[in-house]
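Have a look at the structure below, then the notes.
This is the structure we're talking about:
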């Protein structure tokens, strides 16, 4: 067993895990962050995407021991004091989710996209989320949600 210390959503956790345990499984099963979804287990679908030290990462392709000491944000960390983040609210408003399985990864990807490009075009949004697979929405509502969140951020209150 190895001991791993992570800061997840602003809180520090220290737990033992097997050296071969994926970060996705460690976050989900050991620390209780069930918003981390595991789909393909190959980094292809994007459902396990989290923010790792400020950049999006596929948690199914990393071992928990590899990221010892890292700072992570999961979907549970996007809300504040029980209030949805503006991006989460936009996903709700525009029906940018249906079954919800891909939503945590889509949101993590969108957070990074909007950090790098606060006013993306629809084509840039589509390119940005192209690594996240969704079988329910047809992507248009996701694009609408991200575009609306970007406008709300750049237009001000």
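Residue numbers (this note's numbering): 1099 to 1255.
Note that CB positions come from ideal geometry on N, CA and C, so glycine has one too.
Treat the numbers as computed from the prediction; the structure is a model and nothing was measured.
Excluding the five sequence neighbours on either side, which residues of its own chain have a C-beta within less than 6 angstroms of the C-beta of residue i, listed in chain order?
i	result
residue 1229	1144
residue 1114	1099, 1101
residue 1242	1192
residue 1131	1125, 1172, 1174
Once DSSP output is grouped into helix, strand and coil, what is the label at residue i?
i	result
residue 1114	strand
residue 1161	strand
residue 1231	coil
residue 1129	coil
residue 1120	strand
residue 1140	coil
Measuring straight from C-alpha to C-alpha, what distance separates residue i and residue j?
i	j	result
residue 1186	residue 1249	14 angstroms
residue 1240	residue 1188	9 angstroms
residue 1170	residue 1207	14 angstroms
residue 1167	residue 1161	13 angstroms
residue 1202	residue 1146	7 angstroms
residue 1128	residue 1237	32 angstroms
residue 1123	residue 1135	9 angstroms
residue 1254	residue 1156	Note that residue 1254 scores a pLDDT of 44, beneath 50, so its modelled location is shaky and nothing firm can be said.
residue 1107	residue 1231	25 angstroms
residue 1198	residue 1137	12 angstroms
Start and end of the alpha helix (DSSP H) containing residue i?
i	result
residue 1102	Counting along the chain, residue 1102 falls outside any alpha helix (DSSP H), though it belongs to the beta strand (DSSP E) covering 1100-1106.
residue 1207	1201-1214
residue 1196	That residue, residue 1196, is in no alpha helix (DSSP H); it is neither H nor E in DSSP.
residue 1220	1220-1226
Once the 5 residues before and after residue i are set aside, which same chain residues still bring their CB inside 7 angstroms of it?
i	result
residue 1245	1220, 1223
residue 1218	1211, 1226, 1248
residue 1190	1182
residue 1043	Only positions 1099 to 1255 of the chain appear in this structure, which leaves residue 1043 out of reach.
residue 1153	1210
Go to residue i, then tell me how far its beta strand (DSSP E) extends in each direction, as first and last residue.
i	result
residue 1156	1153-1156
residue 1147	1147-1150
- Segments assigned alpha helix (DSSP H), at least 4 residues, entirely inside the stretch 1163-1194: 1184-1191
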